[in-house]
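Visitor:
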Amino acid sequence: MKLAYWPGCVSRGFTPELHGSTALAADALGIELVTLDRANCTGAGVIAEHNQELADTLNARTFALAQETGLSMMNICSTCQGAQSECQERLDADASYRAHINETLSGEGLAYSKDADGFTNKNFLWVLVEDYGLDKLAEKVKRPLEGLRVGPFYGCYVLRPKTRLGYDEHPDRDLYLEQVIEVLGGTVVDYDGARRCCGFPVITMNKETSLRQAGTHVGDAIDAGADCLVTPCPLCHLNLDMQQPEAAKVVGRDLGLAVLHLPQLVGLALGFDPKQLGMPKHIASTIAVEDRVAALA
Amino acid sequence: MSAYTLKVRRYQPESEEDDKRGAYWEKFDVELDPTLSVLDGLLQAKNDADGTLAVRCSCRAAICGSCGVKINGQSTLACKTQLGEAAEEAARKARTGDGDAEITVEPMGNMPVIKDLVTDMESTHWKKFRRVTPWLLPAGPPPEREYIVPAESMVDVTQSVACIQCGACVSSCLSMEADPEFVGPAALAKAYRFVGDPRDGQTTERLFDLANDPHGMYDCTHCFSCIDACPKDVAPMNQIMRLRRLAGDDHGIRDVNNGHSHEMAFVKNIRKKGTLDESLLFQESYAPGVKGKLLPRVSAIRGLLDSIPTAIRGIRTGKMRSIPKLIPGVHHKLPGDAQDHVKHIYERAEESKIQLNLYIIGEGGEEDASAEATEPESVEEESATA
Ligand code: SF4
Ligand code: SF4
Ligand code: FES
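Heads up: the protein sequence lines correspond to chains C and P, in order.
With this note's numbering as the guide, the letters of the first sequence map in order to residues 208 to 504.
With this note's numbering as the guide, the letters of the second sequence map in order to residues 2 to 387.
1. Would you say the segment 221-235 of chain C touches the segment 258-273 of chain C, given that touching needs at least three Cβ pairs under 8 Å?
2. Report yes if the CB atom of Ile1 of chain P is closer than 8 Å to the CB atom of Ala88 of chain P, and no otherwise.
3. Would you mind telling me which residues of chain C sit closer than 8 Å to Gln45 of chain P, beta carbon to beta carbon, in chain order?
4. Tell whether a beta-carbon distance below 8 Å holds between Leu384 of chain C and Leu332 of chain C.
5. Compile a chain-ordered list of the residues in the segment 349-361 of chain C whose CB is closer than 9 Å to at least one CB of chain P.
6. Go to Leu390 of chain P, then tell me how far its alpha helix (DSSP H) extends in each direction, as first and last residue.
7. In this structure, what does DSSP give as the bridge partners for Met281 of chain C?
8. Going along the segment 215-239 of chain C in order, which residues come within less than 9 Å of chain P, judged by CB to CB distance?
9. Is the distance from the Cβ of Gly426 of chain C to the Cβ of Thr416 of chain C below 8 Å?
10. Can you tell me whether Ile283 of chain C is buried or exposed, with buried defined as 16 or more other CB within 10 angstroms of its CB?
11. Tell me whether the segment 3-21 of chain P and the segment 482-495 of chain C touch, counting them as touching only if at least three CB pairs, one residue from each stretch, are closer than 8 Å.
12. Note down the Cα distance separating Ala179 of chain P from Val409 of chain C, rounded to an integer number of angstroms.
13. Just the Cα atoms here: how many angstroms apart are Val150 of chain P and Gly314 of chain C?
14. Should Ala230 of chain P be counted as a contact of ligand 2 given a C-beta to heavy atom distance under 7 Å?
15. Say yes only if the C-beta of Gln166 of chain P is nearer than 7 Å to one or more non-hydrogen atoms of ligand 2, and no if none qualify.
16. From what residue to what residue does the beta strand (DSSP E) around Tyr5 of chain P run?
17. How would you write the range of the alpha helix (DSSP H) that Ser313 of chain C sits in, first residue to last?
18. Does DSSP put Glu239 of chain C in a helix, in a strand, or in coil?
19. Using a Cβ-Cβ cutoff of less than 8 Å, which residues in the same chain neighbour Met109 of chain P once the five nearest sequence positions on both sides are dropped?
20. What does DSSP give as the partner residues of Ala465 of chain C in its beta bridges?
21. Starting from the Cα of Gly463 of chain C, find the closest Cα among C:Gly316, C:Ala421 and C:Gly478 and give me that residue.
22. Under a CB-based cut-off of 8 Å, is Lys294 of chain C close to chain P?
23. Using a beta-carbon distance cut-off of less than 7 Å, what residues from the segment 481-499 of chain C approach chain P?
24. For Gln75 of chain P, which three-state DSSP category applies?
25. Specify, as a first and last residue, the run of the alpha helix (DSSP H) that Thr205 of chain P falls within.
26. If we cut at 8 Å on Cβ distances, does Lys219 of chain P have a partner in chain C?
27. Of the residues that make up the segment 343-365 of chain P, which ones have a beta carbon closer than 7 Å to any beta carbon in chain C?
28. Under the rule that 16 or more other beta-carbon atoms within 10 Å means buried, what is Val387 of chain C, buried or exposed?
29. Taking the CB atoms as reference points, tell me whether Leu43 of chain P and Leu54 of chain P lie closer together than 8 Å.
30. Taking only heavy atoms of ligand 2 into account, decide whether any of them is closer than 7 Å to the Cβ of Gly66 of chain P.
31. Just to confirm, are Gly358 of chain C and Leu436 of chain C a CB contact at a threshold of 8 Å?
32. Assign Ser38 of chain P to one of three DSSP states: helix, strand, or coil.
33. Which whole-angstrom value describes the C-beta separation of Gly237 of chain P and Phe195 of chain P, a residue pair presumed to lie in contact below a C-beta threshold of 8 Å?
34. How would you list, in chain order, the residues of chain P whose beta-carbon sits under 7 Å from the beta-carbon of Lys414 of chain C?
35. Would you verify that the beta carbon of Asp214 of chain P is, or is not, closer than 8 Å to some beta carbon of chain C?
36. In three-state terms, what does DSSP make of Thr249 of chain C?
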């Protein structure tokens, strides 16, 4: 399997461990990634808020760069997925609009084509379940994560709105994390926050609202007996992990729950060492998880 | 006819029986055609099993907005959800693989419950709704006959006009869960309905008012819940984004949440660097430009100082390279001339600023009729690169 790869900005900024662990996990799974190093930020919904055409053109450029490789595209961020799907929906809806956007891109010799040879743009979670396959993933597991209690945390941008995100065709996309956790040998923890918002989008605008969301979900997962959370979104990771000590103050209770990136959880089951996967870079200590995994090996 | 089990969240504060005065679950078996609604199921249960089961309804046709509830956790209308679909969704979510899962029905969220499935819409929904002055404030004396307005400008507010005030979006709002003071999706969608109305004379005042409420348009966390909850396709979040665009960009209003400066910091960041430089973003969001740095607002200083403990922890674990701009960060650049092309995109898009409204042209289906003229050309262009 070979895919054009958009790593996103945050995975090379505040969560470098995500980019690193993706490279390790993909390699071990036999997924070849062709990095789109000329591609630009998706705008994370913020640029679209300012100027739709600007966001649409920026993402059309990324799609066009991917289409040049003749490959489908993979991202590793719920927010990238949501922001790109929003733009793709508009680009695909109107031919004259698409022509206008492609004219802007023509100076670079690029053009976005609707439905080019089954071109898709999917985040790592969707790729794992729909294209790679859970059976094949199960075969690759070297160290089943037995006894590890994992709470899924999706991120809004891969959940809603359902019509835009392909739920008509793939209705179980809101259950994939549970499926992956089980295939890796872990135990799914049901708690209230799995499909709620981490609060990151308002962290600079209303810190209290933002951290109350993050803190509540982490607390609920702890109360439900989770050893860790797993998320396919680095922005959720920023609020759930990096801001966790601040979130604890807002909700007025001790927290301290490890939050893993999806490729890290996969990587652990594939036999990688927590250090290789960058887990010591996290703010909320991952030591309890590391000890459990060490006991399995 | 099929058999269904409705698992209903009940609450009977005035009950004679002690164990009914707190919230509890009760199951009702009903037998109805799968195409009939969950509301029909509830009414059968009320009729046959327990006359005290409280549920609000009137039109039974998704028009009056009375029957908002949560079905299998999703805020929606009871009369618009078919029993067959609800049972399938319950089974899917339960991941048990069988078709006879219980359909859960709960009262709406983010509002006090009065009895069983009946919530107090007044204390939250209607109060917030009145907060946005939901009536027309015309610019001058009314014309002798009807107002004449261009069709396009009314088409623009059509989506927000479609609201039936059911409260499903309020029930689903994830910001409101954390901040009950948030003005919320229904009220803000209604605010856009008048902000976008060409007959209204108080557009700037309305925007200024909402931008200066710390629980106003910038308290929305962009979670899309209201979009999926709304039975009428109002997409309240999209209306909130339009309010922000109008306030910050078109009317130059600086909001109390630093929302617009955050947005512009982001936009400029990508123009300059192609990918996001988070350190620079935090700095610029709180204190934009040279003026911001020399004369930062109090709220900006507080925001920046607040983020320092987080930054220090990040540097210690190797997560961050620098405290927001106190030490300049290194940020990777796009290779070759890629950044010039990004800048070119900015120049063109900032000039034409096309806003495609999918509510009006329809999504993902056939191409827009107005696009037909350019269709052959664009097809050619596409096949050339495919
Ligand atoms: S998108 Fe905004 S208004 Fe809509 S439910 Fe989420 S936080 Fe509330
Ligand atoms: S916006 Fe939609 S969900 Fe919200 S009150 Fe109006 S009709 Fe109901
Ligand atoms: S009963 Fe009127 S909307 Fe459901």
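Backbone N, C-alpha and C fix where the C-beta goes; we use that ideal spot for every residue, glycine too.
Computed from a predicted structure; not experimentally measured.
Guide: In this structure, then:
1. no
2. Not covered by the structure: residue 1 of chain P. The range shown for chain P is 2 to 387.
3. Near Gln45 of chain P there are no residues of chain C at all, since even the closest Cβ is about 28 Å away, more than 8 Å.
4. yes
5. none
6. Residue 390 of chain P cannot be examined here, being either before or after the span of chain P that is shown, 2 to 387.
7. C:Tyr212 and C:Lys329
8. Gly215, Cys216, Val217, Arg219, Gly220, Phe221, Thr222, Pro223 and Glu224
9. no
10. buried
11. no
12. 12 Å
13. 40 Å
14. yes
15. yes
16. Ser3 to Arg11
17. First-last for Ser313 of chain C: undefined, no H or E at that position.
18. strand
19. Gly69, Val70, Lys71, Ser76, Thr120, Gly168, Ala169, Val171 and Ser172
20. C:Cys435
21. C:Ala421
22. Residue identity check: residue 294 of chain C is Cys in the sequence provided, not Lys. No, because no Cβ of chain P sits closer than 8 Å to the Cβ of Cys294 of chain C.
23. Pro487, Lys488, His489 and Ile490
24. strand
25. Thr204 to Ala212
26. Here residue 219 of chain P turns out to be Tyr, not Lys, going by the sequence shown. So yes, Tyr219 of chain P belongs to the interface.
27. Val343, His345, Ile346, Tyr347, Arg349, Ala350, Glu351, Ser353, Lys354, Ile355, Gln356, Leu357, Leu359, Ile362, Glu364 and Gly365
28. buried
29. yes
30. yes
31. yes
32. strand
33. Checking the sequence shown, residue 237 of chain P turns out to be Pro, not Gly. No, Pro237 of chain P and Phe195 of chain P are not in contact; Cβ-Cβ is about 14 Å, not under 8 Å.
34. Asp307
35. no
36. coil
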